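Undergrad: Under the working numbering, think of the first position of the sequence shown as 10, with each following residue one higher. Every residue gets a Cβ at the ideal spot worked out from N, C-alpha and C, and that includes glycine. Just so we're clear, the structure is a prediction, and the values are computed from it rather than from any experiment.
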Amino acid sequence: MHQDILLHGYLKTFKTRNMKRTVLITGSTDGIGKQTALRVAQRGNVVILHGRNQKLGNEIKDQLIRQTCNNNIEYINGDFTSFSEIEGMVEVLVLKRLIPHVLINNAGIYQTKYETVTDKNIEKTFMVNHLAHFYLTYLLLPLMEEKTTPNIVNVASMVHARQIDLNDIVNPSDFNGSEAYSNSKLCNILFTKKIVRENPRVISNALHPGVIDTKLLRSGWGGGGSDVNSGADQLLYGAFEIPKETNGKYLEYSNEANPADIANDEKIQDELYTLSMQLIPK
């Protein structure tokens with residue numbers, strides 16, 4: 010009897026872990042995102058690539074299909090400086106019945122100069138690294154909650170800010186690219202914790218992917234770092250291997266870590282949520 014129960018439990022776990030999942034990875038035409046997409050596809054899952062260059066996206070899609078012999082790879086185009094393009098992405102996902110089980114919010118930029126986007130003049134780093142993912146998640150979350158074990162992985166960074174003034178996130182007269190990036194990565198962690206507080210059925214964690222040799226690292230810090238496979242390891246852990254009881258956490262190298270104290274401040278989490286809701290389309 011005991012062995013039967015153990016076998017049943019094992020088979021149930023095996024079936025759950027090996028069930029095909031639909032995984033959307035933002036910013037997946039190069040770097041960590043592309044490598045993660047390759048490895049997710051190698052596991053036999055449905056992969057949704059994302060980028061802002063249709064031609065390149067289609068080329069990467071075809072390349073990954075050839076590499077993995079997995080035909081269940083799609084590409085969706087959307088510029089994260091545009092709310093309307095994010096809305097268009099969700100419309101396509103709904104029409105194609107490609108609502109993800111797992112959303113990996115990976116896309117990110119490092120700005121060396123001050124630049125605003127949208128008719129609300131939102132600073133570009135904040136828009137792409139936080140607000141675009143906030144809006145995409147906001148639109149997808151009600152649909153994802155109908156899935157089995159919906160999971161949202163937010164790619165943050167160990168260089169996230171230790172403090173933030175939400176009334177003055179970016180000062181145009183004294184713009185600092187590193188500060189803008191660090192602020193946006195703190196926002197990723199704050200948002201993760203807010204998701205879990207408001208949506209108990211959803212698994213969501215923020216993680217540091219490591220110091221990885223990508224275009225973003227080279228543009229902000231001059232290069233170096235580990236191979237993209239190392240970063241993909243972290244994203245795969247957050248998407249597939251993390252224990253269900255690990256929720257609303259910040260991870261470094263697949264281990265729970267302590268973020269800046271401000272990241273755990275529910276008042277700041279709520280204030281960021283309110284600000285973000287004010288900035289997205291009604």
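1. Give the range of the alpha helix (DSSP H) segment to which H142 is assigned.
2. For L199, I'd like the list of residues in its chain whose CB is within less than 7 Å of its CB, leaving aside the five on either flank, ordered along the chain.
3. Rounded C-beta distance between A50 and T31? I'm assuming under 8 Å.
4. Using 9 Å as the threshold, is the C-beta distance between N160 and T201 below it?
5. If you follow the beta strand (DSSP E) that S213 is part of, which residue opens it and which one closes it?
6. Find the nearest neighbour of R171 within the set G36, S263 and S193, judged by alpha-carbon distance.
7. Taking the alpha-carbon positions, what's the G231 to H139 distance?
8. Specify the secondary structure class of E254 as computed by DSSP and reduced to three states.
9. I289 bridges to which residues according to DSSP?
10. Go to E188, then tell me how far its alpha helix (DSSP H) extends in each direction, as first and last residue.
11. Go through the region 37-108 residue by residue and report every complete run of the beta strand (DSSP E) that reaches 3 residues or more, in order.
12. For N115, count the other beta carbons within 10 Å of its own beta carbon; 16 or more makes it buried, fewer makes it exposed. Which is it?
13. Could you pull out every residue in the same chain whose Cβ sits closer than 6 Å to the Cβ of A215, ignoring the five residues on either side in sequence?
14. Report, in whole angstroms, the separation of the C-beta atoms of M153 and P109, which I expect to be a contact under 8 Å.
15. Is A266 near V111, with beta carbons less than 9 Å apart?
16. Just to confirm, is the Cβ distance from I85 to L102 under 9 Å?
17. Measuring CB to CB, does I204 end up less than 9 Å from G240?
18. Quick check on the burial criterion: 16 or more other C-beta atoms within 10 angstroms. Buried or exposed for N80?
19. Skipping 5 residues on each side, what residues in its chain have a beta carbon closer than 6 Å to that of I212?
20. Should N130 go down as buried or exposed, given a rule of 16 or more other Cβ atoms within 10 Å for buried?
21. Please state the DSSP three-state secondary structure of V162.
22. V237 lies in the alpha helix (DSSP H); which residues open and close that run?
TA: According to the structure data:
1. A141 to M153
2. A272, I277, Q278 and L281
3. No, A50 and T31 are not in contact; Cβ-Cβ is about 12 Å, not under 8 Å.
4. no
5. I212 to H217
6. S193
7. Note on G231: pLDDT 47, under 50, position unreliable in the model; the coordinate value appears next. Taking the straight line from one Cα to the other gives about 23 Å.
8. coil
9. Paired residue(s): none; I289 is not in a bridge.
10. G186 to E207
11. 55-60 and 82-86
12. buried
13. N163, A165, N197, I198, T201 and Y259
14. Sure, about 6 Å apart at Cβ, within 8 Å.
15. no
16. The answer is yes: Cβ separation under 9 Å.
17. no
18. Looking at its Cβ environment, which holds fewer than 16 other Cβ atoms inside 10 Å, N80 is exposed.
19. N160 and N256
20. That one is exposed.
21. Reduced to three states, the DSSP call for V162 is strand.
22. V237 to L245
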